[in-house]
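Participant: Residue numbers (the UniProt record's numbering): 1 to 315. Okay, handing you the structure first.
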Amino acid sequence: MVKRRVHVAAAAIISADGREVLLARRPSNVDHGGLWEFPGGKLAPYETGLEGLKRELHEELGVEIQRAQPLIRIHHEYSDKHILLDVWQVHEFSGEPFGREGQAVRWVPMAELVNYPFPAANLPILKAVMLPTEYLITAEEEDEVLFLARLERALVEDGVRLVQLRAKTLDESAYLARAEQALALCRRFEARLLLNGAPELLSRLDADGIHLTSERLMSLERRPIAEGKWLSASTHDRGQLVQAGRLGCDFVTLSPLRTTPSHPEVAPMGWHDFQQLVERAAMPVFALGGMTRFDANHARAVGAQGIASIRDFWK
Ligand SMILES: Nc1nc2c([nH]c(=O)n2[C@H]2C[C@H](O)[C@@H](COP(=O)(O)OP(=O)(O)OP(=O)(O)O)O2)c(=O)[nH]1
Ligand SMILES: [Mg+2]
């Protein structure tokens with residue numbers, strides 16, 4: 001059987017305070033009936049994703065999009081069709097949304113999204129909605145006072161909300177001591193902290209998750225931590241992205257986009273190859289390698305969640 005290919009545009013509509021997202025419930029008589037969804041629908045012939053989304057949100061919710069940005073594109077095989085979900089984050093709209101087709105519509109706090117039943121294709125979308133556009137990776141920093149000052153600056157001035165503690169020069173006990181300090185600071189700003197190291201570290205410190213090196217990623221057979229924690233990984237090619245999908249990584253970095261002083265010997269992949277790899281990834285992907293916040297919009301435009309960086313945030 002040749003499967004139908006269906007291209008769907010859908011919206012993650014975010015409340016003005018950034019804390020809630022609008023969900024709709026699919027009517028019981030359609031496919032995936034009774035499950036919750038991001039409002040949207042199938043593109044008409046010759047429509048772009050954004051054109052189709054504007055039409056669908058008008059038809060289904062009675063709202064007009066004012067400002068939207070690509071969030072994530074998901075390819076998913078259902079038993080009867082191949083679906084491409086082209087998901088946009090809507091930051092501004094006019095009109096008061098209501099279920100124009102009689103469907104239930106509800107503003108849901110981000111933290112409660114995981115309690116709602118969605119179609120199978122939606123899992124990566126939930127992750128993308130919950131994640132910010134910027135991922136700070138900490139620099140090697142001997143001096144603890146300087147380390148904390150620089151981290152605090154990034155949290156306060158750059159508004160960073162996702163942090164990976166990368167400290168290869170510290171031994172395990174020094175790393176954990178550093179992590180404890182970093183975690184306390186991150187908590188004050190409602191930022192999440194991932195530990196770069198062995199998954200077992202989470203039993204020593206209740207951080208928000210683990211970041212796997214690509215080597216550790218490739219050595220694992222199953223997801224090493226519970227679902228309630230974030231699992232991210234470093235990837236550099238398609239094989240590693242596939243493995244990240246197999247392990248159920250919540251998101252990954254893909255690098256190097258550009259040549260960097262830290263890895264001068266590695267050939268950069270550039271935006272073209274990056275986009276092709278991201279298109280088939282099963283989770284949100286952060287562009288890494290010579291990235292700054294000025295690259296974030298372009299990264300989003302080619303399918304990434306955003307950018308990850310050490311240097312751009314470490315001042
Ligand atoms: N809108 C939307 N559709 C989703 C999501 N997740 C998911 O698997 N789908 C699937 C379900 C459907 O097979 C397809 C969307 O089609 P749809 O039924 O919304 O299409 P439509 O609004 O154009 O409605 P219709 O005119 O075909 O009745 O995508 C999601 O989060 N939002
Ligand atoms: Mg629809």
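Every residue, glycine too, gets a C-beta built ideally from N, C-alpha and C. Keep in mind the model is a prediction, meaning the values are calculated, not measured.
1. Who are Ala11's beta bridge partners in DSSP?
2. What residue does the beta strand (DSSP E) around Ala308 start on, and which one ends it?
3. Considering Cα atoms alone, identify which of Ser28, Lys81, Asp86, His32 is closest to Ala9.
4. Mind listing, in chain order, the continuous beta strand (DSSP E) runs of no fewer than 3 residues lying wholly within the segment 249-310?
5. In three-state terms, what does DSSP make of Val108?
6. Go ahead and pull the three-state DSSP assignment for Gln181.
7. Less than 6 Å between C-beta atoms, sequence neighbours within five positions excluded: which residues of the same chain meet that for Val90?
8. Taking the continuous alpha helix (DSSP H) assigned at Lys127, which residues delimit it?
9. For the segment 248-261 against the segment 123-137, do three or more pairs of beta-carbon atoms, one drawn from each stretch, fall closer than 8 Å, so that the two count as touching?
10. Identify, in the order they occur along the chain, each residue of the same chain with its Cβ nearer than 6 Å to the Cβ of Ala233, setting aside the five sequence neighbours on each side.
11. Rounded to whole angstroms, what's the CA-CA distance from Asn297 to Leu71? Just pull it up for me.
12. Is it the case that the CB of Gly102 approaches a heavy atom of ligand 2 more closely than 7 Å?
13. In chain order, what residues place their C-beta within less than 7 Å of a heavy atom belonging to ligand 2?
14. Kindly list the residues whose CB is nearer than 8 Å to the CB of Met291, restricted to its own chain and excluding five residues on each side of it in sequence; keep chain order.
15. Sorry if obvious, but does the Cβ on His32 come closer than 7 Å to a heavy atom of ligand 1?
Facilitator: Taking the definition as stated:
1. Trp88
2. 306-309
3. Asp86
4. 251-254, 285-288, 306-309
5. strand
6. helix
7. Ala11, Ile13, Ile65, Ala68
8. 123-130
9. yes
10. Leu212, Leu217, Ala244, Cys249, Val252
11. 11 Å
12. no
13. Pro39, Gly40, Gly41, Glu56, Glu60
14. Leu257, Arg258, Ala299, Ile307, Ala308, Ser309, Asp312
15. yes
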